[in-house]
Amino acid sequence: MNVPFNDLSGLHLSIINELMDSFKSIIENSAFVGGKQVEEFEANFASKLGVKHCIGVGSGTAALFVTFKMLGISSGDEVILPANTFFACAEAISLCGAVPVFVDNDEYYNIDVNRISNKITANTKAILAVHLYGQASNIVEIQRICNDNNLILVEDCSQSHFASYRDKKLGTFGQVAVFSFYPGKNIGALGDAGCIVTDNDDLALNLRLFRNHGEYRKSKHQIIGFNSRLDGVQAAVLNIKLKYIDVWNEKRRIAAGYYFELLKNCSSIELPKVMQFSTHTFHLFVIKADKRYELQEYLSKNNISTGIHYPIALPFLPVFSNLNILPEEFPMSLKNQDLLLSLPIYPNINFEQVKLVSDKIIEFYSQHN
Ligand SMILES: *Cc1c(COP(=O)(O)O)cnc(C)c1O
Numbered sequence: 000m001n002v003p004f005n006d007l008s009g010l011h012l013s014i015i016n017e018l019m020d021s022f023k024s025i026i027e028n029s030a031f032v033g034g035k036q037v038e039e040f041e042a043n044f045a046s047k048l049g050v051k052h053c054i055g056v057g058s059g060t061a062a063l064f065v066t067f068k069m070l071g072i073s074s075g076d077e078v079i080l081p082a083n084t085f086f087a088c089a090e091a092i093s094l095c096g097a098v099p100v101f102v103d104n105d106e107y108y109n110i111d112v113n114r115i116s117n118k119i120t121a122n123t124k125a126i127l128a129v130h131l132y133g134q135a136s137n138i139v140e141i142q143r144i145c146n147d148n149n150l151i152l153v154e155d156c157s158q159s160h161f162a163s164y165r166d167k168k169l170g171t172f173g174q175v176a177v178f179s180f181y182p183g184k185n186i187g188a189l190g191d192a193g194c195i196v197t198d199n200d201d202l203a204l205n206l207r208l209f210r211n212h213g214e215y216r217k218s219k220h221q222i223i224g225f226n227s228r229l230d231g232v233q234a235a236v237l238n239i240k241l242k243y244i245d246v247w248n249e250k251r252r253i254a255a256g257y258y259f260e261l262l263k264n265c266s267s268i269e270l271p272k273v274m275q276f277s278t279h280t281f282h283l284f285v286i287k288a289d290k291r292y293e294l295q296e297y298l299s300k301n302n303i304s305t306g307i308h309y310p311i312a313l314p315f316l317p318v319f320s321n322l323n324i325l326p327e328e329f330p331m332s333l334k335n336q337d338l339l340l341s342l343p344i345y346p347n348i349n350f351e352q353v354k355l356v357s358d359k360i361i362e363f364y365s366q367h368n
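Put into structure tokens, the structure is as follows:
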């Protein structure tokens, strides 16, 4: 038996007829960029999430960049974000000319709210709350900090589509939220795609303008924008997947439940913690493991693929060496980056596969203690 890290081909085969039908219709209508499929997807996604506007864009990275740009984040501004997240979060801030200000993470792998206030200065404009691995950050507390300090709250839900906190969906707490639909995400396109959601009419209009050369109607360029649109084919795929996402997220939670049960007595690893009142969507199932690389190698020899998210926390990347980072401000990230290991998880992983992964982990430590 072999356990891939993700199984996109299996997932797509389960909806292949619907996908093929929609491709046929798009090819017949030549609706490749923007168009009916995109408008339908934007309406469906906004209504499922419970927000006023959804703006489809070319990727999650583009969603972040376009958002910060249209929020007016620019040179001299600072944006607070977690140390342990995907590179694009800091990249988008830097690309706007602003400074990414990193904060260490908490025991749930999300931004540590107790360390945020120390990082707020007169230049701070926004907080980027990333809901990592499929679980809410301490979003109510972050919301309070933003309100108290007059900061914009941006949520990054790229790993947490339709996850919630106290029954409120992530992406509805801030003024604006971004989503990635990179193929491996809980809802993924067949290529790059992303979107931005907001209840703010003015912001939504500017986001729509910016993603399409500053124009809403052909050749009426109102602002300097960019080309970062959502393709018709990707929108069609996302429209189909939107019907299944709740079931797929539930299947991920069931698989996570197997891991929790099968690995509960394995003292050489630490299982992920689920925050109270949080509905986790397990984009990733991340454990902390002693002898991480040896374990990864052992699993690999047994045809089990794993990942590391992320091997170097953002503050320690050479590209940010100009920021005068003090390692002692990031004790958790510093420790975790040597321990984190993402186990295989996807909607159609079965009990036998989870059992095999768990057995092999236990077997590894029985030989290495
Ligand atoms: C994947 C991801 C992104 C970037 O999305 P792309 O679609 O790959 O550009 C941004 N933020 C987070 C947290 C992500 O996981």
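Sequential numbering of the sequence shown, starting at 0, is according to numbering that gives the first Met the number 0.
Backbone N, C-alpha and C define an ideal beta-carbon position, used for all residues, glycine too.
All of these numbers come straight from a predicted model, not from anything done at the bench.
Could you give the uninterrupted runs of the beta strand (DSSP E) lying entirely in the stretch 268-295, keeping only those of 3 residues or more?
-> Whole beta strand (DSSP E) segments, 3+ residues: 284-288.
If the criterion is Cβ atoms closer than 8 Å, does the pair H282 and K167 meet it? No. Outside cutoff.
Report whether the distance from the Cβ of A87 to the nearest heavy atom of ligand 1 is below 7 Å.
Shortest gap from the CB of A87 to any heavy atom of ligand 1: under 7 Å.
(Q) Could you tell me which whole beta strand (DSSP E) segments of length 3 or greater appear in the stretch 114-177? (A) Those beta strand (DSSP E) runs which fall completely within the stretch 114-177 and span 3+ residues are 123-129, 151-155.
Among K287, D76, N323, L152, nearest to G306 - alpha-carbon criterion: Nearest of K287, D76, N323, L152 to G306, Cα basis: K287.
Nearest neighbour of R114, chosen from N137, P3, C156, L241 [CA to CA] | Of N137, P3, C156, L241, the residue nearest in Cα terms is N137.
Can you confirm whether the stretch 88-95 touches the stretch 234-246 when touching is taken to mean that 3 or more C-beta pairs between the two stretches lie within less than 8 Å? The way I'd put it, the stretch 234-246 doesn't touch the stretch 88-95; fewer than three beta-carbon pairs between them come closer than 8 Å.
* Might you give, ordered along the chain, the residues of its own chain that have their beta carbon closer than 7 Å to the beta carbon of K290, omitting 5 neighbours on each side? => Correct list, in chain order: H367.
### Task
Please name the residue or residues paired with E77 in a DSSP beta bridge.
Its beta-bridge partners are V98, T123.
Using 8 Å as the limit for Cβ to Cβ distance, is H11 near chain D?
This model lacks chain D altogether; it includes just one protein chain.
Same chain, Cβ closer than 8 Å to I151, five either side skipped, listed in chain order = Only L70, K124, A125, I126, C145, G173, Q174, V175 meet the Cβ criterion.
- request: Taking only runs that begin and end inside the stretch 296-357, name each unbroken alpha helix (DSSP H) of 4 or more residues, in chain order.
  value: Given a length threshold of 4 residues, each whole run of the alpha helix (DSSP H) inside the stretch 296-357 is given here in chain order: 330-335.
Discussion item. For N321, count the other beta carbons within 10 Å of its own beta carbon; 16 or more makes it buried, fewer makes it exposed. Which is it?
Written reply: The residue is exposed, with fewer than 16 neighbouring Cβ atoms inside 10 Å.
For this session: Run the proximity test for D155: is its beta-carbon closer than 7 Å to any non-hydrogen atom belonging to ligand 1?
Result: When distances are taken from the beta-carbon of D155 to the heavy atoms of ligand 1, the shortest one is below 7 Å.
**Report entry** V32 - partner residues in DSSP beta bridges
**Finding:** V32 pairs with D230.
Would you report the Cα separation of Q158 and Y181, rounded to the nearest angstrom?
Whole-angstrom Cα-Cα distance: 10 Å.
Supposed contact pair A30 and G224 - C-beta distance, whole angstroms, cut 8 Å:
The pair is not a contact, with the Cβ atoms about 21 Å apart (cut-off 8 Å).
For the structure I just gave you, are there three or more beta carbon pairs, one from the stretch 257-272 and one from the stretch 62-76, closer than 8 Å?
No, the stretch 257-272 does not touch the stretch 62-76.
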